[in-house]
Amino acid sequence: MGVDLAGLRLVNPTMLASGILGYSVETLEGVVKAGAGAVVTKSVSAKPRKGYANPTIVQANCGLINAVGLPNPGIEEFAKEIRSAKNALDVPLVISVFGFSTEEYASVARKAVSAGADGVELNVSCPHVKNTGSEIGQNAKILTQVIRKVKACVDKPVIVKLSPNVTSMSDIADAAVRAGANALTVMNTVKAIAIDVETTMPILANRVGGLSGAAVKPIALRHVYDVYDQVDIPIVGCGGIADWRDAVEFLLAGASAVQIGTAIAAEGLNVFKEVTRGIGTYLKKKGLRSVSEIVGLSHRR
Amino acid sequence: MKSLACHIDANHVRTKPIVRIEAESPTVKTFILRDKQCARAKPGQFLMLWIPGVDEVPLSIMDAKEDGTVAVSVKAVGEATRALHQKRTGETVGVRGPFGNSFVMRGQKILVVGGGTGIAPLMFLTRKLVSNAVSTTFVLGAQTRDELLFKSDLEKLGTKRVRLLTSTEDGSCGLTGLCTEPLEQMLTEEKFDMIYACGPEQMILRVFELAENQRVNVQASLERLMRCAIGLCGSCVIGKYRVCADGPVFTSRQLREVRNEFGLSKRDRYGKRVPLD
Numbered sequence: 001m002g003v004d005l006a007g008l009r010l011v012n013p014t015m016l017a018s019g020i021l022g023y024s025v026e027t028l029e030g031v032v033k034a035g036a037g038a039v040v041t042k043s044v045s046a047k048p049r050k051g052y053a054n055p056t057i058v059q060a061n062c063g064l065i066n067a068v069g070l071p072n073p074g075i076e077e078f079a080k081e082i083r084s085a086k087n088a089l090d091v092p093l094v095i096s097v098f099g100f101s102t103e104e105y106a107s108v109a110r111k112a113v114s115a116g117a118d119g120v121e122l123n124v125s126c127p128h129v130k131n132t133g134s135e136i137g138q139n140a141k142i143l144t145q146v147i148r149k150v151k152a153c154v155d156k157p158v159i160v161k162l163s164p165n166v167t168s169m170s171d172i173a174d175a176a177v178r179a180g181a182n183a184l185t186v187m188n189t190v191k192a193i194a195i196d197v198e199t200t201m202p203i204l205a206n207r208v209g210g211l212s213g214a215a216v217k218p219i220a221l222r223h224v225y226d227v228y229d230q231v232d233i234p235i236v237g238c239g240g241i242a243d244w245r246d247a248v249e250f251l252l253a254g255a256s257a258v259q260i261g262t263a264i265a266a267e268g269l270n271v272f273k274e275v276t277r278g279i280g281t282y283l284k285k286k287g288l289r290s291v292s293e294i295v296g297l298s299h300r301r
Numbered sequence: 001m002k003s004l005a006c007h008i009d010a011n012h013v014r015t016k017p018i019v020r021i022e023a024e025s026p027t028v029k030t031f032i033l034r035d036k037q038c039a040r041a042k043p044g045q046f047l048m049l050w051i052p053g054v055d056e057v058p059l060s061i062m063d064a065k066e067d068g069t070v071a072v073s074v075k076a077v078g079e080a081t082r083a084l085h086q087k088r089t090g091e092t093v094g095v096r097g098p099f100g101n102s103f104v105m106r107g108q109k110i111l112v113v114g115g116g117t118g119i120a121p122l123m124f125l126t127r128k129l130v131s132n133a134v135s136t137t138f139v140l141g142a143q144t145r146d147e148l149l150f151k152s153d154l155e156k157l158g159t160k161r162v163r164l165l166t167s168t169e170d171g172s173c174g175l176t177g178l179c180t181e182p183l184e185q186m187l188t189e190e191k192f193d194m195i196y197a198c199g200p201e202q203m204i205l206r207v208f209e210l211a212e213n214q215r216v217n218v219q220a221s222l223e224r225l226m227r228c229a230i231g232l233c234g235s236c237v238i239g240k241y242r243v244c245a246d247g248p249v250f251t252s253r254q255l256r257e258v259r260n261e262f263g264l265s266k267r268d269r270y271g272k273r274v275p276l277d
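Chains as they are written, first to last, in the working numbering: chain A, 1 to 301; chain B, 1 to 277.
Take a look at the structure:
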């Protein structure tokens with residue numbers, strides 16, 4: 001069930017998606033115990049951030065819309081958590097990183113790696129915070145600068161998490177690869193809004209947020225499928241994965257691993273174990289020995 | 001096909017008019033809403049109340065009835081709760097939930113210890129205990145007489161059913177001091193099957209320590225900063241537990257596991273561990 005992701009050795013292809021749990025060593029340990037093959041922490045910035053007022057999350061018909069606002073204690077404080085997590089966890093520890101400038105991305109990534117991160121995932125795709133996230137990842141030129149600068153500072157795998165809120169994800173993926181990205185996470189949430197008819201108000205305090213869950217799965221799957229045709233680096237599928245069948249679809253589309261987040265709310269942390277077990281059963285049924293054998297299989301004509 | 005994994009029915013926001021408001025003390029009001037889903041809540045569960053344009057806050061459910069109403073008792077302490085206190089009957093708020101686990105009712109001789117607004121979920125529990133004819137002793141604490149919540153409601157349940165002990169820090173009603181002070185003696189003299197506690201966390205910690213000495217099991221409801229309320233965002237973690245999804249009610253065994261945070265620290269809005277107030 002093991003997979004190699006740009007040099008990271010995963011015992012199974014499931015990963016905790018960024019933004020979910022991931023503040024503390026204890027919760028990450030719980031996620032690993034529940035079966036995740038790797039964990040991505042909450043996104044961390046140079047300075048502490050409070051996040052937005054509630055409501056920060058709202059239920060849509062087939063998913064969740066969130067605008068939590070990237071709360072985090074800042075890399076100086078979080079480095080302590082990384083150091084102890086490094087000792088406590090026996091799976092790759094990926095730190096999600098964001099900044100408000102090229103320099104901030106680079107310095108947070110460098111500090112994360114020197115504290116013990118096995119890799120970093122650049123959050124260039126959060127749809128609800130100004131001057132960072134998708135505002136970086138929507139612009140190929142700025143994105144290139146950020147990735148180059150980070151790559152120059154760290155000697156660990158750099159994963160770039162892409163935004164679906166772009167005209168052409170292909171162009172952006174292409175720019176990320178040229179700039180030196182070691183892997184791509186496809187995709188972050190889709191920019192969305194929920195409005196309450198009684199009060200006539202947007203429900204989220206930030207008004208707009210990002211949609212995740214089953215509603216976005218076919219969109220994420222298509223993006224993985226398209227990006228796979230175009231790049232030679234591994235892809236991590238992310239968007240609405242809740243069971244083994246979803247996960248296998250992403251692997252067939254071209255993902256080497258999958259991230260799970262929203263599904264934890266309804267399925268519990270055991271979703272990791274169940275997805276892994278289901279993929280194993282599927283492989284056996286198909287007479288295959290490793291996960292890598294089905295990666296991109298749907299592209300055969 | 002299995003149900004959509006992302007879909008949690010209770011998590012949809014329902015906007016509702018406030019049906020009734022009752023003053024419980026100079027600083028605490030009870031707000032009653034009509035909401036089918038929350039009306040089915042169990043003692044110990046909580047809901048998220050949206051004050052449109054202001055904030056959304058987690059609140060313990062104080063009562064839930066077959067007539068489809070749910071009640072929360074709220075102290076005006078911050079921006080959100082002060083804004084809620086300004087609301088009048090008929091004005092609209094949003095509600096999602098109920099969330100979290102609930103008190104497990106076990107045993108025939110029960111001790112309930114509540115301080116401040118922590119009494120709210122215990123009030124809900126006590127009504128159920130009484131209807132199950134369980135012998136209940138309720139130790140009710142507050143800073144001063146005016147803030148002793150639900151004293152008359154508890155008295156109305158009948159002294160045969162609920163033995164009530166009150167304590168105030170200023171001595172204006174009942175025993176003088178913290179409500180945990182009479183416990184030590186009570187626990188040595190009587191054997192309780194279970195202790196239910198809610199209130200300031202230092203109070204709960206003291207109850208837990210005394211109960212540990214006498215080997216009595218505790219179920220305590222804890223409070224932490226909450227955002228998503230469905231176990232995703234990690235804002236409310238204590239040790240390996242998420243208060244919203246694994247709690248808010250924790251057993252003695254679980255409390256032992258989080259001893260290095262319980263009664264000592266919480267996570268602030270930045271996710272940083274900070275000392276409890």
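Even glycine gets a Cβ: it sits at the ideal position worked out from N, Cα and C.
Identity of the residue in G2/A, M1/A, V3/A, L8/A nearest D155/A by Cα
Reading the first sequence from its first residue, position 155 is the one you call residue 155/A. Of the candidates G2/A, M1/A, V3/A, L8/A, the one whose C-alpha sits nearest the C-alpha of D155/A is L8/A.
Expected contact under 8 Å - CB spacing of L47/B and P98/B to nearest Å
Indexing the second sequence from 1 puts residue 47/B at position 47. Indexing the second sequence from 1 puts residue 98/B at position 98. Their Cβ separation, rounded to whole angstroms, is 6 Å, which keeps L47/B and P98/B in contact under 8 Å.
First and last residue of the alpha helix (DSSP H) that includes T117/B?
Locating residue 117/B in the second sequence gives position 117, counting from the first residue. T117/B -> no alpha helix (DSSP H), and no H or E assigned at all.
Beta-carbon contacts of V150/A that lie in its chain and below 6 Å, excluding the five residues immediately before and after
For the purposes of this step, residue 150/A is taken as the residue at position 150 of the first sequence. Here the set comprises Y105, A106, A109, V158.
Simplified DSSP state of L59/B, which is helix, strand or coil
The residue labelled residue 59/B in the question sits at position 59 within the second sequence. Correct three-state label for L59/B: strand.
Is it true that the CB of A265/A sits closer than 9 Å to the CB of A245/B?
Numbered from 1 along the second sequence, position 245 holds the residue referred to as residue 245/B. Numbered from 1 along the first sequence, position 265 holds the residue referred to as residue 265/A. Yes. Within cutoff.
Which residues, in order along the segment 218-243 of chain B, keep a beta-carbon less than 7 Å from a beta-carbon of chain A?
R227, C228, I230, G231, L232, C233, G234, V237, G239, K240
Endpoints, the alpha helix (DSSP H) within which Y225/A is located
Against the first sequence, residue 225/A aligns to sequence position 225. Where Y225/A is concerned, the enclosing alpha helix (DSSP H) stretches over 217-230.
Jot down the residue ranges of each uninterrupted beta strand (DSSP E) in the segment 148-183 of chain B, minimum 3 residues, whole runs only, in chain order.
Runs of the beta strand (DSSP E) lying entirely within the segment 148-183 of chain B and spanning at least 3 residues, in chain order: 162-168.
From what residue to what residue does the alpha helix (DSSP H) around Q259/A run?
Against the first sequence, residue 259/A aligns to sequence position 259. That residue, Q259/A, is in no alpha helix (DSSP H); its beta strand (DSSP E) goes 257-260.
Is R49/A close to chain B? Criterion is C-beta to C-beta, closer than 9 Å.
Walking along the first sequence from the start, residue 49/A turns up at place 49. Chain B contact via Cβ: present.
Given that a residue counts as buried once 16 or more other Cβ atoms are within 10 Å of its Cβ, and exposed if not, what is S152/B?
Reading the second sequence from its first residue, position 152 is the one you call residue 152/B. Per the 10 Å Cβ criterion, exposed.
Tell me which residues of the segment 41-72 of chain A have at least one Cβ-Cβ distance to chain B shorter than 8 Å, keeping chain order.
K42, P48, R49, K50, G51, A53, N54, P55, T56, I57, V58, Q59, N61, C62, G63, L64, N66, V68, P71, N72
May I have the straight-line CA-CA distance separating N11/B from Q59/A, to the nearest angstrom?
Translated into the one-based positions of the second sequence, residue 11/B becomes position 11. Translated into the one-based positions of the first sequence, residue 59/A becomes position 59. If I take the Cα positions, the gap works out to 6 Å.
Segment limits, alpha helix (DSSP H) that includes R253/B
If you number the second sequence from 1, residue 253/B lands on position 253. From DSSP, the alpha helix (DSSP H) with R253/B extends over 252-257.
Answer yes if the segment 128-144 of chain A comes into contact with the segment 163-180 of chain A, meaning at least three C-beta pairs across the two stretches below 8 Å, and no otherwise.
yes
With 16 other Cβ atoms within 10 Å as the buried cut-off, status of H128/A
The residue given as residue 128/A occupies position 128 in the first sequence. So H128/A counts as buried.
Give a yes or no on whether the C-beta atoms belonging to N12/A and G2/A are separated by under 9 Å.
In the first sequence, residue 12/A corresponds to position 12, counting from 1. In the first sequence, residue 2/A corresponds to position 2, counting from 1. Closer than 9 Å, so yes.
Would you verify that the beta carbon of I8/B is, or is not, closer than 9 Å to some beta carbon of chain A?
What you label residue 8/B is simply residue 8 of the second sequence in a count that begins at 1. The beta-carbon of I8/B is placed less than 9 Å from the nearest beta-carbon of chain A.
How would you label G118/B, buried or exposed, when you count the other beta carbons within 10 angstroms and need 16 or more for buried?
Numbered from 1 along the second sequence, position 118 holds the residue referred to as residue 118/B. Buried, since its Cβ has 16 or more Cβ neighbours within 10 Å.
State the start and end residues of the unbroken beta strand (DSSP E) segment that holds L93/A.
What you label residue 93/A is simply residue 93 of the first sequence in a count that begins at 1. From DSSP, the beta strand (DSSP E) with L93/A extends over 93-97.
Once DSSP output is grouped into helix, strand and coil, what is the label at G239/A?
Taking the first residue of the first sequence as 1, we reach residue 239/A at position 239. Correct three-state label for G239/A: coil.
Cβ neighbour criterion (16 or more within 10 Å) applied to E249/A:
Start at 1 with the first residue of the first sequence, and residue 249/A comes out as number 249. Per the 10 Å Cβ criterion, buried.
Can you check which of these residues, T189/A, K217/A, G180/A, S45/A, is closest to D232/A by C-alpha distance?
Here residue 232/A refers to the residue found at position 232 when the first sequence is read from its first residue. Considering only alpha carbons, the answer is G180/A.
Determine the DSSP secondary structure at D155/A, reduced to helix, strand or coil.
Walking along the first sequence from the start, residue 155/A turns up at place 155. DSSP places D155/A in coil when its eight states are reduced to three.
Quick check on DSSP: helix, strand or coil for K161/A?
By 1-based counting over the first sequence, the position of residue 161/A is 161. Strand.
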